[in-house]
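Right, one structure below, let's go through it.
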Amino acid sequence: MANFVDTKNSLDVSAPEILSLGAIIPEQLKEETRHAYAKLNEALGNDVAGFVANRLQLTPEQVAIALAAEQVDGVALAIYNIEARGQSVIIGDQTGIGKGRQAAALIRYGLLAGYLPIFLTDRYTLFSDMYRDCKALGIKDARPLILNLKASIVDFDNPVDEENAPLTDEIWTADDEDDADEEMMAHYIQHYEEVYKSPRKSELELMYRNGDIPKDRYEYVMLSYSQLKDARKDMTRLDFLTSLCEKHRVLFIFDEAHKSSSVSAGKISIITQGINSILETCPETQCVFLSATFAKRPECLVTFMRHTILNSLATSDTLQQAFSNGGVQMQEYVASMLAKEGQMIRREHSGKGIPEPAYTYLDDKLPLHAELFDKVMYWFREIVKLSDMVKTVVSTASMLGVNVSRPYPARAQLFYVNKILLLALKAKDVAEAAVRDVQAGRSVVIGMSDTLECILHDSIDPEKNECAKGDFSTILLRLLDKTLSNPKNQGMSILDMDLSGISDASELVTQIKDIRSYAEQIRKDINEDVFHLPLSPIDVIRQMITQESFTDKHGVTRNIRFEECTGRARQLEYLSPEGDDDFVNASLM
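Every number in the numbering used here is 188 more than the matching position in the sequence shown, counting from 1.
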């Protein structure tokens, strides 16, 4: 527990006691979060729970039943920022801390405070989960306007066929996400009481034309992000939401908020562009963002920044550039800054009581893995030699008065290359072990230290929007290119430095010629070598797992479903994930 601090006593809660989930806060946010809690407690007269009870119009006993202490914290921060600052909070809790329950509490708050709550989430099948949380907050009778056609809300507490009712978290297999939602919705309606459903298409079209909701018919709005994906061709729903913001006091509640700020083919998605346009047109609109991976990509902050302190510190372009250049360190800095201001809160499970894992070391192929490892390390050492030659050129150029940047530190990349090499070596074995566990009736969670999306991004041909090769040679060639790159002139090689005006540059010209010749030989040899290792291990694992099946507890054979919690925007599809073609042939998804 050295890296974490317990949040159990973060609230000054009077009787009745509000139970804690035993969540913890990451060490890197410990002091910042304590500072934010202290300011919040002072501003609310050291009665945070009383403040939440007042705003939700619940008794202290009701709050204690409906919300855990951690959830009271998140709801209090959100309401305080809305009322005192007119700004937003990012609730970045880990799965299981209760982001849905906090979202339901904020829907209740919005209804009581005169807002029109608009709830957006990843899939429309999650509407029923939100209804369950709304019931716990005493607003089951609040009527939602569901914008997804043919979508319904069911009550999981009232099965109509209890004996055969499916588990609410059962994984369904389908060809794509829309089909999966449709299949799951059909099962929900068959086995549980249907409490709300979307209006007929003609009714929705009338609302779209009027740009408003019929008076006294609906209390809040629910839709999935997919409803905005066609906004480039059809602005109907986007215009409707904008009109609602113009005619009502709107409180947006973005569940799975990273989906509201996504990228597609390297560009900000249509969904993100649509949401950004609403918030630009109606800046007085209030927002709450819920996402465990809110800072996964710089594009996410473009949306989130509009209603936080980030808005006063940077523009959309400068913030995104800062994140791209600053990397993980910049993400950590922004997260700590938001936490200190009480505009971001992150709680996680402590892990206390979880048994020690049983480790399985996939070493059966150690001789083969050692051979592949040595091959990659040979080429890494060749690139390091090239890097030393570049350093000599830079030193010579500097003495001659040439303005040239410091060379790329290829040698310092040893740890990173080792890490991704080990992932590539073990990918097939990990997939095979996971399949065996699933077929034995166990659920499997695979933890990856890196998805390698940044490498995939750099390896994509921007004109063809494709990846030339899907094997490990791409990683080595990327390192080679970076070793020769000139950071001061992106896209240019350090070998193309301007030598005009240098009276005696013969030695420098010779050195550059030697480097160019050596680099060309390394590039040629890497391209001709066979590595038997994938560029994207996670995609090999994904494909190998999803092509297998298992028999469930009812004796039904199902395909194994693979769900990611990475937030990455790019995937490779291998022609042969088993590596029969040496992982060379892969297409960009």
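All C-beta atoms, glycine included, are put in the ideal place defined by N, C-alpha and C.
Item, Value
"Apart from the five residues just before and just after residue 833, which ones in its own chain have a Cβ nearer than 8 angstroms to its Cβ?", "Because the chain here runs from 189 to 777, residue 833 falls outside it and cannot be looked at."
"I need the boundaries of the beta strand (DSSP E) containing residue 332, first residue and last residue.", "332-334"
"By alpha-carbon positions, which one of 682, 628, 697 and 721 ends up nearest to residue 663?", "721"
"I'd like the span of the alpha helix (DSSP H) that includes residue 662, first residue to last.", "661-672"
"Within 10 angstroms of the Cβ of residue 604, are there 16 or more other Cβ atoms? Answer buried if so, exposed if not.", "exposed"
"Output yes or no for whether 8 angstroms exceeds the beta carbon distance between residue 224 and residue 563.", "no"
"Ignoring anything shorter than 4 residues or poking outside the segment 217-284, list the alpha helix (DSSP H) runs there in chain order.", "218-231, 236-244, 248-254 and 257-268"
"With a 10 Å radius around its C-beta and 16 neighbouring C-beta atoms as the bar for buried, classify residue 471 as buried or exposed.", "exposed"
"Is the separation between the beta-carbon of residue 385 and that of residue 334 shorter than 8 angstroms?", "yes"
"Tell me the DSSP bridge mates of residue 737?", "747"
"Three or more C-beta pairs closer than 8 angstroms, one from the segment 595-602 and one from the segment 744-752: is that the case here?", "no"
"Smallest Cα separation from residue 742: which of 756, 629 and 726?", "629"
"Suppose you measure from the CA of residue 247 to the CA of residue 294; what does that come to, to the nearest Å?", "16 angstroms"
"Start and end of the beta strand (DSSP E) containing residue 412?", "408-412"
"Can you say whether residue 305 is buried or exposed, counting buried as having 16 or more other CB atoms within 10 angstroms of its CB?", "buried"
"Determine the contact status of residue 665 and residue 613, defining contact as a CB-CB distance below 8 angstroms.", "no"
"Going by DSSP, what residue range makes up the beta strand (DSSP E) through residue 381?", "380-385"
"Where DSSP assigns a beta bridge to residue 480, which residues make up the other side?", "Its beta-bridge partners do not exist; DSSP assigns none."
"Would DSSP call residue 441 helix, strand or coil?", "strand"
"If you check the beta carbons only, do residue 245 and residue 209 fall under 8 angstroms apart?", "no"
"Could you pull the start and end residues of the beta strand (DSSP E) that residue 309 belongs to?", "304-309"
"Please report the residue range of the alpha helix (DSSP H) in which residue 697 lies.", "694-716"
"On the DSSP letters alone, give me the boundaries of the beta strand (DSSP E) that residue 776 sits inside.", "774-776"
"Give me, in chain order, the residues of the same chain whose beta-carbon lies closer than 7 angstroms to that of residue 265; leave out the 5 immediate sequence neighbours on both sides.", "228, 277, 530 and 533"
"Assign residue 313 to buried or exposed, taking buried as 16 or more other Cβ atoms, counted over all protein chains shown, within 10 Å of its Cβ.", "buried"
"Can you tell me where the alpha helix (DSSP H) with residue 314 in it begins and where it stops?", "First-last for residue 314: undefined, no H or E at that position."
"So is residue 234 buried or exposed if we call it buried at 16+ other beta carbons inside 10 Å?", "exposed"
"Assuming residue 411 contacts residue 459 under a Cβ cut-off of 8 angstroms, what Cβ separation, rounded to an integer in Å, is found between them?", "At roughly 11 angstroms, the Cβ-Cβ gap does not stay under 8 angstroms, so residue 411 and residue 459 are not in contact."
"Looking at C-beta atoms only, is the number of pairs between the segment 385-394 and the segment 324-344 that lie closer than 8 angstroms three or more?", "yes"
"Between residue 496 and residue 571, what straight-line distance do the alpha-carbon atoms span, to the nearest angstrom?", "44 angstroms"
"When the Cα atoms are used, what is the spatial distance from residue 269 to residue 287?", "17 angstroms"
"Going by Cα to Cα distance, which pick from 325, 433 and 777 is closest to residue 250?", "325"
"I'd like the span of the beta strand (DSSP E) that includes residue 761, first residue to last.", "760-762"
"Look at the alpha carbon of residue 764 and the alpha carbon of residue 302, and state the distance between them as a whole number of angstroms.", "57 angstroms"
"Since residue 618 is in the alpha helix (DSSP H), which residue starts that stretch and which ends it?", "602-627"
"Tell me the rounded alpha-carbon separation between residue 402 and residue 479.", "32 angstroms"
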